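Participant: Residue numbers (our numbering), protein chains in the order written: chain A, 731 to 841; chain B, 1072 to 1185.
Below is the structure I would like to discuss, written out as structure tokens.
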Amino acid sequence: SQQGEEDPQALSIQEGENATMNCSYKTSINNLQWYRQNSGRGLVHLILIRSNEREKHSGRLRVTLDTSKKSSSLLITASRAADTASYFCASEGSGNTPLVFGKGTRLSVIA
Amino acid sequence: KAGVTQTPRYLIKTRGQQVTLSCSPISGHRSVSWYQQTPGQGLQFLFEYFSETQRNKGNFPGRFSGRQFSNSRSEMNVSTLELGDSALYLCASSIAGTGGETQYFGPGTRLLVL
């Protein structure tokens, strides 16, 4: 399988805490994207980081990319109950190759 | 702009039947991709269409097929349904499906095969 892996599979934290999710992928990439999915609904794009970038911020989100380790992390700071969702990384190789999604991390933020 | 729409939202079929799912992309988007999501296998890529042509295909049997119309709307068909085809089927659209584009997902069609 070409799928990546997210770690941890599930994460439960208190509101206001930070949440960190990790993703590993298998082949060289052009970019890596993170998506959020609320309870069996469609995915929503959060952030994209290109292979020549090491860190990117968007609001309360911080993404890092380490191409030498084929890994990425997503940090959500000051989490809120509304952040409760599943988070997926998706890697994109060269050319018009499809996104390869990881299996996701289920985040629960308890108010 | 209206988002990606998928119909129907829920579907119950029996083994051996066939099913057709529909996806209307965001206006102006010409690339439509389909994914199957199950608890065991996660999100698996089915195929991608661009300008009525299949551009990429995932590792699924020939029972899974699709097409795209001139208005970019897409359909996928699953023939001879099996229990294991029960899943959430998601479609996503993007402007051209080229590298680095955001994919916009529809709410999905939940298929249950009995």
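Idealized CB from N, CA, C, for every residue including glycine.
Everything numeric in this text was worked out from a predicted model, so none of it was measured.
Straight-line CA distance for B/Gly1137 to B/Lys1072?
Facilitator: Residue mapping note: residue 1137 of chain B aligns to position 66 of the second sequence, counting from 1. Residue mapping note: residue 1072 of chain B aligns to position 1 of the second sequence, counting from 1. The straight-line gap from Cα to Cα measures roughly 25 Å.
Participant: Could you name the residues of chain B that A/Pro738 contacts, counting a contact when the two beta carbons are closer than 9 Å?
Facilitator: Mapped onto the first sequence, residue 738 of chain A falls at position 8. None at all; the shortest Cβ gap to chain B is about 15 Å.
Participant: So which residues on chain A does B/Gln1139 lean against when the C-beta distance must stay under 9 Å?
Facilitator: Numbered from 1 along the second sequence, position 68 holds the residue referred to as residue 1139 of chain B. None at all; the shortest Cβ gap to chain A is about 15 Å.
Participant: Tell me whether the beta-carbon of A/Asn826 lies closer than 8 Å to the beta-carbon of B/Arg1181.
Facilitator: As a working note, residue 826 of chain A is residue 96 in the first sequence. As a working note, residue 1181 of chain B is residue 110 in the second sequence. Result no, Cβ atoms of A/Asn826 and B/Arg1181 do not sit closer than 8 Å.
Participant: How about A/His787: is its C-beta nearer than 8 Å to some C-beta of chain B?
Facilitator: Working through the first sequence from its first residue, we reach residue 787 of chain A at position 57. Closer than 8 Å: no.
Participant: Could you give the residue range of the beta strand (DSSP E) that holds B/Arg1134?
Facilitator: Counting from one through the second sequence, the residue named residue 1134 of chain B turns up at place 63. Per DSSP, B/Arg1134 belongs to no beta strand (DSSP E) and is neither H nor E.
Participant: Only counting the same chain, and skipping five residues up and downstream in sequence, which positions put a Cβ closer than 7 Å to that of B/Gly1179?
Facilitator: Sequence index remark: in the second sequence, residue 1179 of chain B carries index 108 (1-based). So the list reads Gln1077, Leu1159, Tyr1160 and Leu1161, once near-sequence residues are dropped.
Participant: Out of B/Gln1107, B/Gly1177, B/Cys1094 and B/Glu1123, which one is the CA nearest neighbour of B/Phe1116?
Facilitator: As a first step, residue 1116 of chain B is located in the second sequence; it is residue number 45 there, counting from the start. Out of B/Gln1107, B/Gly1177, B/Cys1094 and B/Glu1123, B/Gln1107 has the C-alpha closest to the C-alpha of B/Phe1116.
Participant: Residues in the same chain with beta-carbon distance under 7 Å from B/Ser1150, minus the five sequence neighbours each way, listed in chain order, please.
Facilitator: Mapped onto the second sequence, residue 1150 of chain B falls at position 79. So the list reads Gln1089 and Arg1134, once near-sequence residues are dropped.
Participant: A/Gly834 touches chain B at which residues, Cβ-Cβ below 9 Å?
Facilitator: One-based indexing of the first sequence puts residue 834 of chain A at position 104. Residues of chain B passing the Cβ test: Gly1113 and Leu1114.
Participant: Which word fits A/Leu837, buried or exposed, when buried means at least 16 other C-beta atoms lie within 10 angstroms of its C-beta?
Facilitator: Locating residue 837 of chain A in the first sequence gives position 107, counting from the first residue. A/Leu837 comes out buried.
Participant: Between the segment 751-766 of chain A and the segment 1164-1180 of chain B, can you find at least three pairs of beta-carbon atoms closer than 8 Å?
Facilitator: With a cut-off of 8 Å, the segment 751-766 of chain A and the segment 1164-1180 of chain B count as touching, because enough Cβ pairs lie within range.
Participant: Using a Cβ-Cβ cut-off of 8 Å, state whether B/Glu1119 counts as contacting chain A.
Facilitator: Here the question's residue 1119 of chain B lines up with position 48 in the second sequence. So, interface residue.
Participant: Within its chain, find whatever has a CB closer than 7 Å to the CB of A/Gly734; leave out the 5 residues flanking it on each side and keep chain order.
Facilitator: Counting from one through the first sequence, the residue named residue 734 of chain A turns up at place 4. Cβ within range, chain order: Cys753, Ser754, Tyr755, Lys756, Cys819, Ser821, Val830 and Gly832.
Participant: Show which residues of chain A have a CB atom less than 7 Å away from the CB atom of B/Gly1168.
Facilitator: Residue numbering aside, residue 1168 of chain B sits at position 97 when the second sequence is read from its first letter. Asn826, listed in chain order.
Participant: Please confirm whether B/Val1103 and B/Ser1141 have their CB atoms less than 8 Å apart.
Facilitator: As a working mapping, residue 1103 of chain B is identified with position 32 in the second sequence. As a working mapping, residue 1141 of chain B is identified with position 70 in the second sequence. No.
Participant: Alpha carbon to alpha carbon, what distance is there between A/Thr835 and B/Ala1167?
Facilitator: Sequence index remark: in the second sequence, residue 1167 of chain B carries index 96 (1-based). Sequence index remark: in the first sequence, residue 835 of chain A carries index 105 (1-based). Each residue's Cα considered, the two are about 29 Å apart.
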